[in-house]
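First the structure, in the form of structure tokens, and then the observations on it.
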Amino acid sequence: MALDRISVVIPPVGPWREQERWYRWADQIGYDVVYTYDHLTHATAPGMWLSEAFTTLTAAAGTTERIRLGTLVASAVLRTPVALARVAMTVQDISGGRLVLGLGAGAPTCALADHGRRPTPREMSARFADVVRGYIAVLDGATDWEGGTLSFHGLETTPAPAATPRPELLLAAHGPRALALAASHADTWNTYGGPGSTSLSPGEYWDLLGHQADGFAKACAATGRAPGDVRRSLLLGFGQVRPTTSVDEFLAAAERAEALGFDELVVYGPDSPAGMDSDPAVHERALARLR
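When we follow the numbering used here, the leftmost residue of the sequence shown carries the number -7, and every step to the right adds one.
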């Protein structure tokens, strides 16, 4: 399985006039998807401005031409099914069908910042499953739906604008419950390794990714889906494996990812906080080699 998508994350840090140039740059140099993330607070951005994900992508739709636009990832601790479907389909409509809706369990720090309570991992897992299933129910046309932690009733509006297809659904998953959820519902499965992976040595990290890939294949088999029916996406850079430090590191990371069966590689953009910054020329030269 070869890499068929090479993508980039532009963290939503700073005002739009500073972010915009990186969206244009990603579009021009040939990245396939440009992602942003969905946080209210983040340890890599103390004292910085974090913009809202879907509003940012709407602005990006007006300043780019061909590149797809995604969340990596929208946060289930902040989002609910009907509101998520509404904002996702709005961006999908405005962008001409270019949205990749990435969704994950979210960060407990964001839940604490939003509603003053830090949920347990089990609570976050249950809510994540409900947001995924409820979102799909909305797009399937349900007017009422009941989950374990969330529900909606009396929905009178249509699920999408006329002739607008639903976006690609990317689910971030690392543990058994989330991998099973992704195997059942995702168009694309994404991992960065999961909590704790950022402290691993490169060798340990790649071994972990191999175990996760095997776990995802087993989860697909358990649901009756062929593993090849779901794109496998890998985000690198938020740890000790830093592919954008040089062209050689970028190419080596792409080769390792491909060998593990991933078909999308996602890296952080040049202007990223927490020491993930890099020379734009590294991205440009690596992309030219990989195309």
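Each residue gets a CB set at the ideal place from its N, CA and C atoms; glycine is no exception.
Per-residue burial, Asp(-4) [other beta carbons within 10 Å of its own, 16 or more giving buried]: Within the sequence shown, residue -4 is the residue found at index 4, counting from 1. Its Cβ having fewer than 16 others within 10 Å, Asp(-4) is exposed.
Under the three-state DSSP convention, the category Gly186 falls into: Here residue 186 refers to the residue found at position 194 of the sequence shown. The answer is coil: DSSP assigns Gly186 none of H, G, I, E or B.
For Val26, three-class secondary structure by DSSP: Mapped onto the sequence shown, residue 26 falls at position 34. Strand.
Collapsed DSSP secondary structure at Thr63 in the structure displayed: Sequence index remark: in the sequence shown, residue 63 carries index 71 (1-based). Annotated three-state conformation of Thr63 is strand, per DSSP.
C-alpha gap between Glu148 and Thr135, whole angstroms: Stepping through the sequence shown from its first residue, residue 148 is reached at position 156. Stepping through the sequence shown from its first residue, residue 135 is reached at position 143. C-alpha separation (whole angstroms): 7 Å.
Residue burial classification, Glu256 (beta-carbon count within 10 angstroms, cutoff 16): Position 264 of the sequence shown, counted from the first residue, corresponds to residue 256. Glu256 should be labelled buried.
Given 8 Å, three or more beta-carbon pairs between the segment 30 to 45 and the segment 145 to 161: The segment 30 to 45 vs the segment 145 to 161: no contact.
Short Cβ contact (8 Å threshold) for Leu162 with Leu93: Indexing the sequence shown from 1 puts residue 162 at position 170. Indexing the sequence shown from 1 puts residue 93 at position 101. It is a contact, given that the beta carbons lie within the stated cut-off.
From Ala211, Gly188, Ser189 and Thr190, residue whose alpha carbon lies closest to that of Trp300: A question about residue 300 goes unanswered here, because the residues of the chain that appear run from -7 up to 283.
Neighbourhood of Leu171 by C-beta distance below 7 Å, restricted to the same chain and skipping five residues each side: Numbered from its first residue, the sequence shown carries residue 171 at position 179. Take Leu171, set aside five residues on each side of it, and the residues of its chain with a beta-carbon closer than 7 Å to its own are Ala165, Gly207, Phe208 and Ala211, in chain order.
CA nearest to the CA of Phe46, picked from Arg217, Arg283, Tyr260 and Pro3: Counting from 1 along the sequence shown, the entry for residue 46 is found at position 54. Nearest to Phe46 by C-alpha distance, out of Arg217, Arg283, Tyr260 and Pro3, is Pro3.
In chain order, each alpha helix (DSSP H) run of at least 4 residues that lies wholly inside the segment 85 to 130: 100 to 107, all fully within the segment 85 to 130.
Coil, strand or helix - Glu305 by DSSP: Absent from the structure is residue 305, since the part of the chain shown begins at -7 and ends at 283.
Residue closest to Val74, alpha-carbon to alpha-carbon, out of Val258, Arg223 and Ser143: By 1-based counting over the sequence shown, the position of residue 74 is 82. Closest by C-alpha distance to Val74, out of Val258, Arg223 and Ser143, is Ser143.
Trp41, buried or exposed, once every other Cβ within 10 Å from all chains shown has been counted against 16: Your numbering for residue 41 matches position 49 in the sequence shown. For Trp41, the number of other beta carbons within 10 angstroms of its own is below 16, and it is reported as exposed.
Expected contact under 8 Å - CB spacing of Thr237 and Tyr260 to nearest Å: By one-based count along the sequence shown, residue 237 stands at place 245. By one-based count along the sequence shown, residue 260 stands at place 268. Not a contact, Cβ separation roughly 11 Å.
Beta-carbon proximity list for Thr50, same chain, < 7 Å, skipping 5 on both sides: Within the sequence shown, the letter at position 58 stands for residue 50. Val83 and Ile86, listed in sequence order.
C-alpha distance - Arg283 paired with Asp24, whole-angstrom precision: Reading the sequence shown from its first residue, position 291 is the one you call residue 283. Reading the sequence shown from its first residue, position 32 is the one you call residue 24. About 11 Å.
Cβ contact (3+ pairs, closer than 8 Å) linking the segment 212 to 231 and the segment 118 to 131: Using a C-beta cut-off of 8 Å, the segment 212 to 231 makes no contact with the segment 118 to 131, since fewer than three inter-stretch Cβ pairs fall below that distance.
Pairwise C-alpha distance: Ser225 and Gln204: Locating residue 204 in the sequence shown gives position 212, where the first residue counts as 1. Locating residue 225 in the sequence shown gives position 233, where the first residue counts as 1. Approximately 12 Å between the Cα atoms of the pair.
Residue from Arg110, Gly220, Ser189 and Tyr29 whose Cα sits closest to the Cα of Ala175: Reading the sequence shown from its first residue, position 183 is the one you call residue 175. Answer by Cα proximity: Gly220.
With 16 other Cβ atoms within 10 Å as the buried cut-off, status of His31: Locating residue 31 in the sequence shown gives position 39, counting from the first residue. His31 is buried by the Cβ-count criterion.
Proximity of Ala68 and Val5 at Cβ, strictly below 8 Å: For the purposes of this step, residue 68 is taken as the residue at position 76 of the sequence shown. For the purposes of this step, residue 5 is taken as the residue at position 13 of the sequence shown. Using a Cβ distance threshold of 8 Å, Ala68 and Val5 do not count as a contacting pair.
Span of the alpha helix (DSSP H), counted from its first residue to its last, around Ser176: Here the question's residue 176 lines up with position 184 in the sequence shown. Unbroken alpha helix (DSSP H) run through Ser176: Pro168 to His177.
Opposing strand residues paired with Ile(-2) [DSSP bridges]: Taking the sequence shown and counting its residues from 1, the one referred to as residue -2 is at position 6. DSSP lists Leu257 as partners of Ile(-2).
Assumed close pair Val26, Ser(-1) - CB separation to whole angstroms, cut-off 8 Å: Indexing the sequence shown from 1 puts residue 26 at position 34. Indexing the sequence shown from 1 puts residue -1 at position 7. Confirmed, Cβ separation roughly 7 Å.
Short Cβ contact (8 Å threshold) for Leu70 with Leu91: Taking the first residue of the sequence shown as 1, we reach residue 70 at position 78. Taking the first residue of the sequence shown as 1, we reach residue 91 at position 99. Their beta carbons are not under 8 Å apart, which means Leu70 does not touch Leu91 by this criterion.
Helix, strand or coil at Arg223 [DSSP, three-state]: Here residue 223 corresponds to residue number 231 of the sequence shown, with the count starting at 1. Strand at Arg223.
Beta-carbon proximity list for Gly140, same chain, < 7 Å, skipping 5 on both sides: Counting from 1 along the sequence shown, the entry for residue 140 is found at position 148. If you ignore the 5 residues before and after Gly140, its C-beta comes within less than 7 Å of the C-beta of Ala118 and Asp122, all in its own chain and listed in chain order.
Ala209 - containing alpha helix (DSSP H), residue span: Counting from one through the sequence shown, the residue named residue 209 turns up at place 217. Per DSSP, the unbroken alpha helix (DSSP H) holding Ala209 starts and ends at Pro194 to Thr215.
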